[in-house]
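Colleague:
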Amino acid sequence: MLARLGSARGRVREGRVLAEGVRAVAEALASGVVVRFVVCSRVLTRSSAGEELLAELEARGLTPDWVGEREMAAVSATPSPQGILLVCEQPSTTLATAAATEARLLALDGIQDPGNLGTLVRTARAFDLTGVIALDGTVDPWNARVVRASAGSVFRIPVVRAPWTEVGAWAAGVQLIVADAAGRDAASLSVEPPWMLVVGNEGAGVRAEIREAANAWAAVPMAGAADSLNAAVAGAIVLYALTRR
60 MLARLGSARG RVREGRVLAE GVRAVAEALA SGVVVRFVVC SRVLTRSSAG
110 EELLAELEAR GLTPDWVGER EMAAVSATPS PQGILLVCEQ PSTTLATAAA
160 TEARLLALDG IQDPGNLGTL VRTARAFDLT GVIALDGTVD PWNARVVRAS
210 AGSVFRIPVV RAPWTEVGAW AAGVQLIVAD AAGRDAASLS VEPPWMLVVG
260 NEGAGVRAEI REAANAWAAV PMAGAADSLN AAVAGAIVLY ALTRR
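Okay, so the sequence shown: first residue is 60 according to this note's numbering, each after it adds one.
Below, the structure written as C-alpha cells:
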C-alpha cells in the first residue's frame, strides 16, 4: 500500500494519500480526514511534539502499527523521518467550492518542484485565500513531498486539480493576475474579489494563453543584481502585496 501511494497513479487508484511528519499528520487530523491507518517508529517518542501527537491518536481511538527505524526509513520520503506516517482518504474539492463568492485563488501553472508547490499552498493558507488550483502540468499536490513542504496545509485549504480549459472558462468572470517580471509592481495593484493569481513554471513561466487572458501582470521589483526569484518566493511576495489591504 505505502509503495503504491508513492506514485500519482497509485494515489488516484487508491483514493488515498500519505502524510508524513509530526506537523503534517497533526494538520491532517485537525482537518477531519478519514484515517485508514498510522505507522510509527520510536523516533516519534523522542520529542514532546511526538508524544503529544501520540496522545492525540489515542484520544481519537487510532492505534499505530509500530515498526523499526530501518523499516520506517525504507518507506519514508525524507532522509530524516520523524517517526510517523498516516494514510488517509484523499480530500475531495471541486472548482465550484474553491471558486465560491468572494474568491481569492492561487493557480499554479506547470510548477514542477514539490517543495515550491507545498510552500505556495502553505502561503495561500497563510494569506487566507479561498483555494489553490493545480493546473495541468503541475506536480501532484498530494505527492508526499508536497504534503510535507506545505506543513499539512494541503489538508486545511481547498486544493483542486483542474485543466486550464476548465479553469479558463470560469476565470472569464474574475480579475486574472499573472505573476510576471515584465508586469507592474505588485504593491501598486488594487484588486477586489473575485480574483485569481497565476504563478507559472520555474523556468518557462505562465503559458501564453493564460498571459493573453490576464487583466493584470504583477512583478516584484528588485534593486539587487539577481535577475529572478524562486517561484515560491515570488508567489509569496505577490500574494502579500495583493492581500495586505
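The C-beta atom is built at its ideal place from N, Cα and C for all residues, glycine as well.
If you drop the 5 nearest sequence neighbours on each side, which residues of the same chain put their C-beta closer than 7 Å to that of W229?
Modeller: Excluding residues within five positions, the ones whose Cβ falls inside 7 Å are L154, A158.
Colleague: Using CA coordinates, which residue listed in T189, P200, A241 is at the minimum distance from L176?
Modeller: Nearest option by C-alpha distance: P200.
Colleague: Apply the 10 Å Cβ neighbour rule to P138 and answer buried if 16 or more other Cβ atoms are within range, or exposed otherwise.
Modeller: The residue is exposed, with fewer than 16 neighbouring Cβ atoms inside 10 Å.
Colleague: Going by Cα to Cα distance, which pick from L167, A193, V97, E110 is closest to A293?
Modeller: It is L167.
Colleague: Enumerate, from N- to C-terminal direction, the unbroken beta strand (DSSP E) stretches of 3 or more residues contained entirely within the segment 194 to 277.
Modeller: Correct list: 218 to 221, 234 to 244, 254 to 259.
Colleague: Restricting to Cα atoms, I'd like to know which of P140, D195, S247 is closest to A203.
Modeller: Nearest C-alpha to A203: P140.
Colleague: For E130, does the three-state DSSP call read helix, strand or coil?
Modeller: Of the three classes helix, strand and coil, the one that applies to E130 here is helix, per DSSP.
Colleague: For G196, which residues of its own chain have a beta-carbon under 6 Å away from its beta-carbon, when the five flanking residues on both sides are left out?
Modeller: Closer than 6 Å at the Cβ level, and outside the excluded window around G196, lie G169.
Colleague: Relative to the C-alpha of E110, which candidate in R266, S90, V81 has its C-alpha closest?
Modeller: Considering only alpha carbons, the answer is V81.
Colleague: Find the nearest neighbour of G264 within the set E117, A62, A133, A238, judged by alpha-carbon distance.
Modeller: Among E117, A62, A133, A238, the Cα nearest to that of G264 is on A238.
Colleague: Just to confirm, are W276 and G227 a CB contact at a threshold of 8 Å?
Modeller: Not a contact, by the Cβ cut-off of 8 Å.
Colleague: Could you give the residue range of the beta strand (DSSP E) that holds R75?
Modeller: First-last of the beta strand (DSSP E) with R75: 75 to 79.
Colleague: The beta strand (DSSP E) spanning E148 covers which residue range?
Modeller: Note, E148: beta strand (DSSP E), 143 to 148.
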